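Counting in our numbering, the sequence shown runs from 8 upward without gaps.
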Amino acid sequence: MTSPDDCATPMTPHPRPTDPAFAELLLSSHLRLVGEPLCPAVRDIGRDAGRWLYEQAPFGLLAHDTSADPRFVYANSTAQDCFGYSWDEFVGLPSRLSACPDGQEDREAFVRAVTAHHFATGYRGIRVGKSGRPFWIEDVTMWDLMDTSGRIHGQAAVLRSWSPVDR
Numbered sequence: 008m009t010s011p012d013d014c015a016t017p018m019t020p021h022p023r024p025t026d027p028a029f030a031e032l033l034l035s036s037h038l039r040l041v042g043e044p045l046c047p048a049v050r051d052i053g054r055d056a057g058r059w060l061y062e063q064a065p066f067g068l069l070a071h072d073t074s075a076d077p078r079f080v081y082a083n084s085t086a087q088d089c090f091g092y093s094w095d096e097f098v099g100l101p102s103r104l105s106a107c108p109d110g111q112e113d114r115e116a117f118v119r120a121v122t123a124h125h126f127a128t129g130y131r132g133i134r135v136g137k138s139g140r141p142f143w144i145e146d147v148t149m150w151d152l153m154d155t156s157g158r159i160h161g162q163a164a165v166l167r168s169w170s171p172v173d174r
């Protein structure tokens, strides 16, 4: 029997924002594990899927690697706007820093569910942007970035909704 770590492959170097191979990994692993397309229109875009996911997707899209303290390897422009980080600031940032200290347990439970089942849906949690402002992420689906040979390269999350935290 193999553990998830036996099938994990760290992502180095980080993909380019519009890397077609990484876009294919995002799209194909989501379809295979979640059972539905990440975005139905993406297949119509063809070779420009990487550019569309990065520049035009109406949802936030993030990915982190398989290291012991997972680090972001991808954040599309919508996610960058939501969190207030540029690509260079986001990539390499430990993904745990996206949640407030008091939200770590909730975040870790969601990540564990993905590790156990290869995907999880329906998550809602508080995140913190670069400025320190908290906000809700809602209607989140997270899945393993698993290639066709079963190797896990990290995890990705799609944020379909976000809103300010009322104080």
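Cβ atoms here follow ideal geometry from the backbone N, Cα and C, with glycine treated the same way. All of these numbers come straight from a predicted model, not from anything done at the bench.
Compare the Cα-Cα distances from residue i to each of the options and report the closest residue.
i	options	result
D173	S35, F142 and A64	F142
P101	G91, F117, F79 and T122	F79
K137	D76, F66, E62 and S105	S105
G99	P27, F66 and A70	A70
I159	L60, D95, A123 and G91	A123
T148	Y61, F66 and P27	F66
Pull up the distance between the alpha-carbon of residue i and that of residue j, whole angstroms please.
i	j	result
P44	L33	10 Å
S74	T85	25 Å
R134	S93	17 Å
R103	R114	8 Å
W169	A56	23 Å
P24	G132	26 Å
I144	E31	25 Å
Y81	L38	19 Å
D76	G161	12 Å
L40	H125	7 Å
D13	F29	The predicted model places D13 with a pLDDT of 42, which falls under 50 and marks its position as unreliable, so this point remains unresolved.
G42	P171	31 Å
G139	V165	21 Å
R58	D72	21 Å
A163	L68	7 Å
N83	S36	17 Å
G157	D95	29 Å
D26	Q87	17 Å
S10	L60	Because the pLDDT at S10 is just 41, under 50, the model does not fix this residue reliably, and the value given afterwards should be weighed accordingly. Each residue's alpha carbon lies about 31 Å from the other.
P22	G129	27 Å
F97	V121	22 Å
A116	G91	25 Å
A127	E62	25 Å
Could you please give me the residues that DSSP links to residue i through a beta bridge?
i	result
Q162	H71 and D151
A82	L69
Y130	V147
S156	Partner(s): none; S156 has no beta bridge.
P171	F142
Assuming residue i contacts residue j (C-beta within less than 8 Å), just tell me the rounded distance between them.
i	j	result
D146	R167	4 Å
C89	A64	Contact flag wrong, Cβ pair sits at about 12 Å.
Quick check: is any heavy atom of the ligand SAH less than 8 Å from the C-beta of residue i?
i	result
R23	Absence of the ligand SAH from the depicted structure is noted, as is the absence of any ligand whatsoever, leaving it without description.
Quick check on residue i - is its C-beta less than 9 Å from some C-beta in chain D?
i	result
A64	Absent from the structure is chain D; it holds one protein chain and no more.
Three or more C-beta pairs under 8 Å: does that hold for the stretch 152-160 against the stretch 104-112?
no
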